[in-house]
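First up is the structure itself, then whatever we jot down about it.
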Amino acid sequence: MCCSGATTSRNRSCVFRQSFNRLTLKFQSNYVLLTEWSMIYGLANSKGGVGKTTIAVHLAAWLAKKKRTVVFIEADPQQSASNWIEELSLSIKLEQISDPEAIFRRVAKLAADADDIVIDGPAGLSPTTRSIMLCADRVFLPCGPSILDLDAAGKAIEVLTKAQKTRHGKPRGFLIPNKLQKRARLSREMLETAQTLGIKVLSGLSYRQSFADAPGQAKVVSQMGASAFLASHEMQSLMKEMTRA
Ligand SMILES: Nc1ncnc2c1ncn2[C@@H]1O[C@H](COP(=O)(O)OP(=O)(O)OP(=O)(O)O)[C@@H](O)[C@H]1O
Ligand SMILES: [Mg+2]
143 MCCSGATTSR NRSCVFRQSF NRLTLKFQSN YVLLTEWSMI YGLANSKGGV GKTTIAVHLA
203 AWLAKKKRTV VFIEADPQQS ASNWIEELSL SIKLEQISDP EAIFRRVAKL AADADDIVID
263 GPAGLSPTTR SIMLCADRVF LPCGPSILDL DAAGKAIEVL TKAQKTRHGK PRGFLIPNKL
323 QKRARLSREM LETAQTLGIK VLSGLSYRQS FADAPGQAKV VSQMGASAFL ASHEMQSLMK
383 EMTRA
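At position 69 of the sequence shown the residue is numbered 211 (my numbering), and the sequence of numbers has no breaks.
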């Protein structure tokens, strides 16, 4: 019995394990419906403000511009991506679903028709984040250049590893260093430490005002003209890495 008379933290970890297993079983029964050719991308992390929404919206826009059929699932109850997606005037179907079991069910259905599904997760390691890890093909963990951000990413990697054990190696996990400042010591240290976390590290994004300005202009950086040239180039490289087979 895993929950008998233990300390609070043991009880918490036990409840976590039970709910993780329950979600896994539910997902496996739906998973057979998924088609092989749809790609499900999840953005997650235990920490807020690390760039999940920024990268998720740019990924959906990148795929839509490639004429793929894209569904964007806003799984964050804050719904900070929804307006931005709608204002882009690109062919991206938006769905707002934050209930973890509803995400399983919906993704299993959508995967039959959509080429790509992009799920923007909430901050934290809630059941919603875990359900993203249990239904995505690829999970990306954006991470800012601070030790606190790295610690948070480490916790998310633990949850990811559990999902991978349950799903025979899926989803593939990637860390995306974000808000890097080329000459800053913390950015350098962060990149070095990230390499030791046991997860593939992508080249990431620098700290650039254009990324922060994009939602206010209802654009992605590739639509912002010459002032966002470097941001656009950097985002394009990241998108290629994220979508590479
Ligand atoms: N590379 C970057 N350079 C500058 N600003 C950035 C960069 N990436 C993200 N930002 C800004 O940082 C803030 C947080 O980004 P974002 O909303 O994408 O993070 P999030 O992880 O989705 O946050 P939350 O957990 O609250 O949903 C936003 O104001 C965004 O514009
Ligand atoms: Mg967000």
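In this text, a Cβ means the ideal position worked out from N, Cα and C, and glycines have one as well.
Does residue i pass the burial test, meaning 16 or more other C-beta atoms within 10 Å, or should it be called exposed?
i: K361; result: buried
i: A206; result: buried
i: L372; result: exposed
i: Y225; result: The residue you asked about is not Tyr; residue 225 is Asn in the sequence shown. Burial call: exposed.
i: G350; result: Residue 350 is actually Arg in this sequence, not Gly. It counts as buried.
i: G358; result: exposed
i: E376; result: buried
i: R325; result: exposed
i: L185; result: buried
i: K382; result: exposed
i: I289; result: exposed
i: S273; result: buried
i: A354; result: exposed
i: A305; result: buried
Between which two residues does the alpha helix (DSSP H) holding residue i run?
i: M381; result: F371 to T385
i: K307; result: I289 to T308
i: I318; result: I318 -> not in any alpha helix (DSSP H); beta strand (DSSP E) instead, spanning R314 to P319.
i: I274; result: P269 to C277
i: A354; result: Q351 to D355
i: L328; result: R327 to A336
If you draw a straight line from the C-alpha of residue i to the C-alpha of residue j, how long is it?
i: G311; j: E300; result: 13 Å
i: M366; j: T308; result: 42 Å
i: K194; j: E229; result: 18 Å
i: P264; j: E334; result: 27 Å
i: I197; j: G191; result: 11 Å
i: S369; j: S352; result: 8 Å
i: E243; j: L201; result: 24 Å
i: V281; j: E216; result: 15 Å
i: T321; j: S348; result: According to the sequence displayed, residue 321 carries Lys and not Thr. Going from the Cα of K321 to the Cα of S348 covers about 5 Å.
i: A223; j: E331; result: 31 Å
i: D258; j: A203; result: 11 Å
i: T385; j: R314; result: 12 Å
i: Y173; j: A253; result: Because Y173 sits at a pLDDT of 45, beneath the cut-off of 50, its placement in the model cannot be relied upon, and the following sentence gives the value as read from the coordinates. One C-alpha to the other measures close to 10 Å.
i: L276; j: R248; result: 13 Å
Does the Cβ-Cβ distance between residue i and residue j come in under 9 Å?
i: A278; j: I182; result: yes
i: L317; j: K297; result: no
i: F214; j: I227; result: yes
i: S379; j: S345; result: yes
i: G340; j: K189; result: no
i: T294; j: N187; result: In the sequence under discussion, the amino acid at residue 294 is Ala, which differs from the Thr named in the question. For A294 and N187, yes; Cβs fall inside 9 Å.
i: D262; j: T211; result: no
Following the continuous beta strand (DSSP E) through residue i, name the residue where it begins and the one where it ends.
i: L236; result: I234 to Q238
i: V389; result: Outside the displayed span of the chain (143 to 387) sits residue 389, for which this structure offers no information.
**OP:** Could you pull out every unbroken alpha helix (DSSP H) segment of at least 4 residues lying fully inside the segment 183-268, listed in chain order?
**Re:** Qualifying alpha helix (DSSP H) stretches, in chain order: 194-207, 224-229 and 242-252.
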